[in-house]
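A.B. asks: According to the UniProt record's numbering, the sequence shown is numbered sequentially starting from 1.
Here a beta-carbon is modelled for each residue, glycine too, at the ideal position from N, C-alpha and C.
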Amino acid sequence: MAHEELAAQTAEDPPPLLILPNNQSIDLATGYIPLLTNFTHEDKAAKGLRKRGPDAVPESPIHFTALEVVRDNRLLLLSGPTGSGKTTFAMWLCQRLVDQKNYVADVVRNELGDVREERWDTKGIRPYIFTTESPESIDDFFNIGIAEIVASPSSDDYEERTVPLIILDTVEQAGPAAQSRVAEVTRLVGECPHTRLLILCDSDVPSTWQLPPNFARHTLLPLLQTQRRLAVGQLLDLESAKVKPGIGEAAANAAVFSIALQAGAEGDIAEEVVDQWLSIVTTVSADAVRLEKHAFETIDATVNCQRRDTMTLNSFNVAHYPPLARSSKVRQLLAARYLSRCPANITVDLYGKAPTTWHSVVQSLLHRLGDTPEGHLLIDGLITGTGLDAQRGALLVSELSIANSTLFRDRIRKLMLDIVKKATLPLHSRVKAGNVLSCLGDPRDLQAMSNVPAGTISMGSDTHPNSEPIHAVTLEAFRIGVFPVVNKHYLEFTQATDRHWHSPAADVPEKLNHPATDLTWHDANTYCSWLTDRWHQIGRISQNERVRLPTEAEWERAARGDLVEKGTGEPTYPWGGAWQYGAANARYGARTWVHLPFRIRIARMMDVKLQKHRLLYAECYEVVAFQVEA
Numbered sequence: 001m002a003h004e005e006l007a008a009q010t011a012e013d014p015p016p017l018l019i020l021p022n023n024q025s026i027d028l029a030t031g032y033i034p035l036l037t038n039f040t041h042e043d044k045a046a047k048g049l050r051k052r053g054p055d056a057v058p059e060s061p062i063h064f065t066a067l068e069v070v071r072d073n074r075l076l077l078l079s080g081p082t083g084s085g086k087t088t089f090a091m092w093l094c095q096r097l098v099d100q101k102n103y104v105a106d107v108v109r110n111e112l113g114d115v116r117e118e119r120w121d122t123k124g125i126r127p128y129i130f131t132t133e134s135p136e137s138i139d140d141f142f143n144i145g146i147a148e149i150v151a152s153p154s155s156d157d158y159e160e161r162t163v164p165l166i167i168l169d170t171v172e173q174a175g176p177a178a179q180s181r182v183a184e185v186t187r188l189v190g191e192c193p194h195t196r197l198l199i200l201c202d203s204d205v206p207s208t209w210q211l212p213p214n215f216a217r218h219t220l221l222p223l224l225q226t227q228r229r230l231a232v233g234q235l236l237d238l239e240s241a242k243v244k245p246g247i248g249e250a251a252a253n254a255a256v257f258s259i260a261l262q263a264g265a266e267g268d269i270a271e272e273v274v275d276q277w278l279s280i281v282t283t284v285s286a287d288a289v290r291l292e293k294h295a296f297e298t299i300d301a302t303v304n305c306q307r308r309d310t311m312t313l314n315s316f317n318v319a320h321y322p323p324l325a326r327s328s329k330v331r332q333l334l335a336a337r338y339l340s341r342c343p344a345n346i347t348v349d350l351y352g353k354a355p356t357t358w359h360s361v362v363q364s365l366l367h368r369l370g371d372t373p374e375g376h377l378l379i380d381g382l383i384t385g386t387g388l389d390a391q392r393g394a395l396l397v398s399e400l401s402i403a404n405s406t407l408f409r410d411r412i413r414k415l416m417l418d419i420v421k422k423a424t425l426p427l428h429s430r431v432k433a434g435n436v437l438s439c440l441g442d443p444r445d446l447q448a449m450s451n452v453p454a455g456t457i458s459m460g461s462d463t464h465p466n467s468e469p470i471h472a473v474t475l476e477a478f479r480i481g482v483f484p485v486v487n488k489h490y491l492e493f494t495q496a497t498d499r500h501w502h503s504p505a506a507d508v509p510e511k512l513n514h515p516a517t518d519l520t521w522h523d524a525n526t527y528c529s530w531l532t533d534r535w536h537q538i539g540r541i542s543q544n545e546r547v548r549l550p551t552e553a554e555w556e557r558a559a560r561g562d563l564v565e566k567g568t569g570e571p572t573y574p575w576g577g578a579w580q581y582g583a584a585n586a587r588y589g590a591r592t593w594v595h596l597p598f599r600i601r602i603a604r605m606m607d608v609k610l611q612k613h614r615l616l617y618a619e620c621y622e623v624v625a626f627q628v629e630a
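Written as C-alpha cells, this is what we have:
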C-alpha cells in the first residue's frame, strides 16, 4: 500500500481509540486528547535563559502541544515512553492533514487549567506515514521509494503544489539499524527544503543519536489529570470534578488511560488496571491466559526479527480480540502477567539478551511481584554479577521502594557507582543512576578539590568575536572544585543562614547531587564566604586560605590545561580538535546542556563561561563554582 493511501485510509476509517464502560466505541476524531510536550512558552521566549528576579516565584508553564511543535519545526524528533500516544498522534495528524481544513481548538496547557488556542493551517501538506515493526521493515521503507517522495512532492490530487511530511513511527523497532537509517533519511530530507520529517520513538532510544543542529527534539508529557477529567466528563456527560475513571497516577499514560476508562477504573496502578480490564474483556480465564501468551510471543518475535503479521492468536477468537490489546503498552502489561507464572531465571535470561525490548515488561513484573519471595528472587537474579546486565538490572530495581531496604540497598548503590564511574551504559542510564545515587545517599566527595599547577595559557579563541584576541596569561597554582556546588550543599548554606532560595530542585531527593541553580552572583559570593568560615572551623583549609569564585582566566586554565588554541576558527575541546559525542555531556545537535552530576569535570564546554560576574552553567542558569586560594 502506498503511503499516501495509508494516510488517507487512516483519516477515512480510523480504528476505535477509546471504549467506554458501556462498551461504546469512540473514534479518533472524537476521543483524541491533545498531547502536550516538555517545550513551554517560557522556553521559546527565553531561548534557554531564565530571566527571573531573585525572589520571584516561577510561573506555571504553558506547554506547547505536539501539533504545534510539528507545525513549527520542519525536522522534528518527538519522543515519549511506550503508551504515551505517539502512534495515536500520528494517525490524528494524518487525519487533520488529509482533511485539508484549517484547524483551531482550545487546549488545556497545565494542571491549573490554563487554556490557549491551538491552530494550524494544514493546507498544502501531504503525510506519508510508515510504522516500523522489525529491523527488516525499515528496509521496506527505503525500497518503496523514499527518494521519490523526497525529490518529487506530488500535486496531482491538489489544487496547488503540496509539501510532503514523512512520519516515521516506532523507529526503535529497527534495532541497531535505527540510527543509521534515521541518519540516511535525515540526510535526504535535509537536502530538500520542501520536505518535512517527523520521527516518533521511545524516550530513551534517541539519546545517543547525532542529529543535525537544525533538528528539533521534544518530549511528550503524560496526560494531565485536568485533561483526563475534562475528556471523560464530556464522554460520560459528567462534571469534571465528579469524574473517577482514568484519573489515577498510572492513567497519565495514554494507553493505561484507555483501558482504565473501559474498565471504569481510576487507574492508580497499571498492573491493577490491566487485571480489571482483563476481567471485562474476557469471559473465561483461559481466554485471559491466551491473550497474555499472545502478547508475550508478539514481543518475543521482535527480538527474533519475526514479522508480526506471521503471529497467530493461539486459538484466541480473532473476532473477539480486544482492540485495546494491540497497544504496545498493554502488550507489555499482559506479557508481565504471563511471566509472573514463569520461573525467575526465564525473565532474567530474556532481559539479559534484549534489555531494551524487555525493559518495560520486566519493570511491570517487578511492580506486580513486589515485596514477595518471588519478587526477591527476581531482583537477586537481575542484580547478581558485576557486568552490564547487573547494572541494567539494578536500574530497573531502583524504581522500587524495596531498593532502599537493607536487603538490596548496598548492592544497588555499588552498581549505581559502577554505572557513573565506568560510563559504559548510554547517557540516559547514567543520568538515572546519578539520580538514584542521590536518593540512596551519594558516597562521593562532591566538594573535592583539584590541584591546577601554575602555568601560562593561551586564552581566548578566534571562533567568535567575543572570545578574541588570543593572548597569553600566566597564573599561579590554585585549587578548584571538581564538581559545581550541588543542591545538597547549597541547601545547607541557605538553611544555616535563613536565606531565601527559589529553586524547584532545591530539596528534591533525586536532585541533591545536581548543580545548584537559580541564584545570583551575590548569592554565590556569600556562599563562598560562608564556606570559608565553615572549612576553617573543620580544618579542611588553612587559616590563610579562602574560598572564592574563579576568575575567567582561572576557569579557562582549569578547563583548557595546556591545550593551545589552533587558530583555525574551529573550537578546541579538552580532548582535541574534533567533536566527540558524550565527552561534554551535551546534546550534539541542539547544543543543549545535559547535566550529568556524576560525570562533570572542569572542562571548556559550549555554554560554560564567566560573563559579567556570572558563571553561566546548565542552560545558562547561575551556578556556583569555587576555588581555594592562599
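1. How about Thr88 and Tyr32: are their beta carbons less than 8 Å apart?
2. Indicate the three-state DSSP secondary structure (helix, strand or coil) for residue 631 in the structure shown.
3. Return helix, strand or coil for Cys94, following the three-state DSSP convention.
4. Hey, quick one: how far does the beta strand (DSSP E) through Arg116 stretch, first residue to last?
5. Contact between the segment 123 to 135 and the segment 162 to 178 is defined here as three or more beta-carbon pairs at a separation below 8 Å; is this criterion met?
6. Using three-state DSSP, classify Leu17 as helix, strand or coil.
7. What span of residues does the alpha helix (DSSP H) with Leu519 cover, start to end?
8. Compute the beta-carbon to beta-carbon distance between Leu221 and Asn38, rounded to the nearest angstrom, for a pair I have assumed lies under 8 Å.
9. Start and end of the alpha helix (DSSP H) containing Leu235?
10. Let me check understanding here. Comparing Cα to Cα, which of Arg411, Asp371, Glu492 and Ala255 lies closest to Gly385?
11. Exposed or buried, Leu112, counting other C-beta atoms within 10 Å across all chains shown (16 or more means buried)?
12. Please tell me whether Asn513 and Ser438 are closer than 8 Å, where the distance is taken between their beta carbons.
13. Assign Ala260 to one of two classes, buried (16 or more other C-beta atoms within 10 Å of its C-beta) or exposed (fewer than that).
14. Write down every uninterrupted run of the alpha helix (DSSP H) in the segment 217 to 300 whose length is 4 residues or greater and which is fully enclosed by it, in chain order.
15. Please confirm whether Leu67 and Ser258 have their CB atoms less than 8 Å apart.
16. Please name the residue, chosen from Gln262, Phe141 and Met91, that lies closest to Ala251 on a Cα-to-Cα basis.
17. Quick one: measure Cβ to Cβ for Val289 and Val273, integer angstroms, because I've assumed they're closer than 8 Å.
18. Would the beta-carbon of Leu396 fall within 8 Å of that of Leu334?
19. Where do the ends of the alpha helix (DSSP H) carrying Arg326 lie?
20. By Cβ distance, which residues of its chain are closer than 6 Å to Pro21, with the 5 residues on each side in sequence left out?
21. Can at least three beta-carbon pairs, one atom from the segment 440 to 458 and one from the segment 466 to 480, be found at a separation below 8 Å?
22. From the DSSP output, read off the bridge partner residues of Ser458.
23. Can you list, in chain order, the stretches of the beta strand (DSSP E) that have 3 or more residues and sit fully within the segment 521 to 571?
24. Spell out the partners DSSP gives Thr37 in its beta bridges.
25. Name the DSSP bridge partner or partners of Phe478?
26. Tell me the DSSP secondary structure of Tyr32 in three-state form.
27. Could you pull out every residue in the same chain whose Cβ sits closer than 8 Å to the Cβ of Glu468, ignoring the five residues on either side in sequence?
28. Identify the residues that DSSP records as bridge partners of Asp106: which are they?
29. With DSSP collapsed to three states, give me the class of Ile346.
30. Looking at Phe296 and Leu339, is the spacing between their C-beta atoms short of 8 Å?
31. Let me confirm a value: Lys432 is counted as buried when at least 16 other C-beta atoms fall within 10 Å, else exposed. Which label applies?
32. Got a sec? Which residues, its chain only, sit under 7 Å from Ala506 by beta carbon, not counting five neighbours each side?
33. Identify the continuous beta strand (DSSP E) that holds Pro164 and give its terminal residues.
34. Taking C-alpha atoms, which residue in Arg109, Leu93 and Asn23 lies nearest to Tyr103?
35. Grouping DSSP H, G and I as helix and E and B as strand, with all else coil, what is Asp202?
36. Just reading off the beta strand (DSSP E) that Pro127 is part of, what are its end residues?
C.D. replies: Reading off the structure:
1. yes
2. As shown, the chain starts at 1 and ends at 630. That puts residue 631 outside it, with no answer to give.
3. helix
4. Val115 to Trp120
5. yes
6. coil
7. Leu519 -> no alpha helix (DSSP H), and no H or E assigned at all.
8. 6 Å
9. Gln225 to Leu236
10. Arg411
11. exposed
12. yes
13. buried
14. 225 to 236, 254 to 263 and 270 to 281
15. no
16. Gln262
17. No, Val289 and Val273 are not in contact; Cβ-Cβ is about 18 Å, not under 8 Å.
18. no
19. No alpha helix (DSSP H) holds Arg326; DSSP gives it neither H nor E.
20. Gly264
21. yes
22. Ala472
23. 546 to 548
24. Leu220
25. Val452
26. coil
27. Gly460, Ser461 and Asp462
28. Glu117
29. helix
30. yes
31. buried
32. Asn487 and Leu491
33. Val163 to Asp169
34. Leu93
35. strand
36. Ile125 to Thr131
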